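Student:
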Amino acid sequence: MVSVLSSQNIYPVKIKSCKADRFCLDCGDIKASYEDKKFDEMIIRLNEKMNLQGMSGIVLFQVLIDSTGHGCVLSHTDKSKTFISKKIIKELKKFDGWIPAKTDNKALERVSISIIFSIEDGQITGKIKRINLAAFKDRFDHPQDPEIINKRYTYTNPNLSKYKITVWNSKNSNLPDNFNDDILIDKKNTIWMTLDEGLVKFENDSFIREEQDITDKGKYFAYYALGCDNQNVKWVYAKNNIYSYDNKKWTVYSKENIGFDGAYSIINNNKTGELFFCTDEGLFIRKDNKWIKIIELDTIEGITSKRIHYAQRDSKNRLWIGYSGGTLMIDTNGAVTVYNKIKSPFNGYSIFSMTGDSDGNLYFSLYNANRKGKKPEQIKEGIGVLDRDGNFKMLTIHNSGLPVGDVSKIIYDKYDNVLWIITNSAGLIRYDLKDGWEVYHNLNSKIPTSYVSDIATDNNGNIYLATRQGMVKIERK
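In the numbering used here, the protein residues as written are 10 to 486.
#1: DSSP on residue 388, reduced to helix/strand/coil?
#2: Is residue 22 buried or exposed, if buried means 16 or more other CB atoms sit within 10 Å of its CB?
#3: In three-state terms, what does DSSP make of residue 348?
#4: Since residue 270 and residue 115 are thought to touch, with beta carbons under 8 Å apart, how far apart are those beta carbons, to the nearest angstrom?
#5: Which partner residues of residue 305 appear in the DSSP bridge assignment?
#6: Which class does residue 61 belong to by DSSP, given the choice of helix, strand or coil?
#7: Taking DSSP as the reference, what is the three-state secondary structure of residue 484?
#8: What residue from 153, 282, 214 and 18 has the CA that sits closest to residue 451's CA?
#9: Alpha helix (DSSP H) containing residue 97: first to last residue?
#10: Using 10 angstroms around the beta-carbon of residue 344, count the other beta-carbons present and answer buried if the total reaches 16, otherwise exposed.
#11: Taking the straight line between their C-alpha atoms, what separation do you get for residue 219 and residue 172?
#12: Count Cβ pairs between the segment 358 to 371 and the segment 417 to 435 that sit closer than 8 Å; are there 3 or more?
#13: How about the segment 64 to 80 and the segment 155 to 172: do they share at least three Cβ pairs that are nearer than 8 Å?
#14: Go through the segment 253 to 325 residue by residue and report every complete run of the alpha helix (DSSP H) that reaches 4 residues or more, in order.
#15: Does DSSP put residue 46 in a helix, a strand or coil?
#16: My output table needs one value for residue 123: the three-state DSSP class, helix, strand or coil.
#17: Which residues share a DSSP beta bridge with residue 242?
#18: Taking Cβ positions, are residue 417 and residue 431 nearer each other than 7 Å?
#19: Under 8 Å Cβ to Cβ from residue 473, same chain only, skipping five residues before and after it: list those, please.
#20: Between which two residues does the beta strand (DSSP E) carrying residue 81 extend?
#21: Just list the residues that DSSP pairs residue 132 with in beta bridges.
#22: For a quick check, are the C-beta atoms of residue 414 and residue 391 less than 7 Å apart?
#23: Where does residue 189 land, buried or exposed, given buried means 16+ other C-beta within 10 angstroms?
#24: So who's on the other strand from residue 194, going by DSSP bridges?
#25: Report the rounded CA-to-CA distance for residue 61 versus residue 85, giving the unit in angstroms.
#26: Following the continuous beta strand (DSSP E) through residue 31, name the residue where it begins and the one where it ends.
#27: Can you pull the DSSP bridge partners for residue 380?
Laid out in structure tokens, this is it:
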């Protein structure tokens, strides 16, 4: 079975023009590709627009292709950022001939491929370059150094010494793989984590494999989302099916049974007993052993996508939903507010995470979909704060100590009255809800990398991280 890297910018020059926290590298039974005719037409345009006489060389581009055939450039090898690579990027952004990867005849959500462009005899040519996945995995199994976009804030980290940091990886433990994506702590305080083509639980300082055992795993079998309901049943999305595990046996749920076959996230609401499944087909809820489809996005004027990334209720029982390109809220009376249709601070932003503090304030990770042609420092995004009185402000790299705008997940720590914020480029952020910002990563702490995939807290208030260099525990000394 071939291992597949997840969510890696494989070339040195990164282009942060698309949401790229979860994808796989050249995976699928049928690989992602392009329509030959349209690609040839793009090559002709490049040759017509550039005078390449006397030039030679190659440049590699990493392109992310989603299930709808939309492409986005992630990274490339041209460190000099020549006019040639700029022209190629412009053409790749406009290119509409991508063919998504498939497994079991279903288009995969997000897959990256490499395109190699060669210049010889004054002409440019291009083609897909397939990746040696085993070699790439060895290459990326090392710490990722931080990228701090915010240059105006000085991070002194005065509270770092108050915490004990412990790391489990494939060298110092029986963790099968360092590429860890999702982490949760169940109702009995047991830790569960997804890794490259696997699922493990952590008990008595040991990792135990707990992969499903009722479906043929085939060529590639990965776990993409992980949740736990109030009955302590674990739920995962893996290869076109939803699975549940009641700590004794696995159960599979097909699309014919429940109406969907994949999830971006699985989120539990302890107070209501609802388990939210955020999918390409909308938002589904599991409650009292019944499935409910809560909303049809494509029936709402102004919304063109069914894709939902995030859903959760706040302390007032309002349901917040982050969909592709925007945010909506359903109040306790069932009234729907679509923020892209009104003058609102949420207009143009999609929420990917939400938490609330002990005073009733809400905090959102906000992703700005309007990022074409902008450098990371030009994109206004970060953390939205909605106080209990309804006042809103946004914390960005320009008005706070937030090191990067693209944040993945936020949780509230009631013991220290702080926010913990994870990123896939700057490490772990500690925010004291006032003016104090701290950033912990592999260059200033025992945290092994700046790529943090997920975060969870146990019953004792300890923080656990899933990272690209193993599992991390943060506890107060």
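A virtual CB, placed ideally from N, CA and C, is assigned to each residue, including glycine.
Note that the structure is a prediction, hence the values are computed from the model and not measured.
Tutor: Judging by the given coordinates:
#1: DSSP places residue 388 in the coil class of the three-state scheme, outside both helix and strand.
#2: buried
#3: helix
#4: 7 Å
#5: Residue 305 pairs with nothing; no bridge assigned.
#6: Residue 61: coil per DSSP, three-state reduction.
#7: strand
#8: 153
#9: Boundaries of the alpha helix (DSSP H) around residue 97: 92 to 103.
#10: exposed
#11: Spanning the two alpha carbons is a distance of roughly 31 Å.
#12: yes
#13: no
#14: 264 to 267
#15: helix
#16: DSSP places residue 123 in strand when its eight states are reduced to three.
#17: Paired residues: none, contrary to the question.
#18: yes
#19: Excluding positions up to five away in sequence, the list reads 192, 194, 200, 464, 465, 466, 467, 480, 481, 482 and 483.
#20: 80 to 85
#21: 129
#22: yes
#23: Looking at its Cβ environment, which holds 16 or more other Cβ atoms inside 10 Å, residue 189 is buried.
#24: For residue 194, DSSP records a beta bridge to 200.
#25: 19 Å
#26: Residue 31 -> no beta strand (DSSP E), and no H or E assigned at all.
#27: Its beta-bridge partners do not exist; DSSP assigns none.
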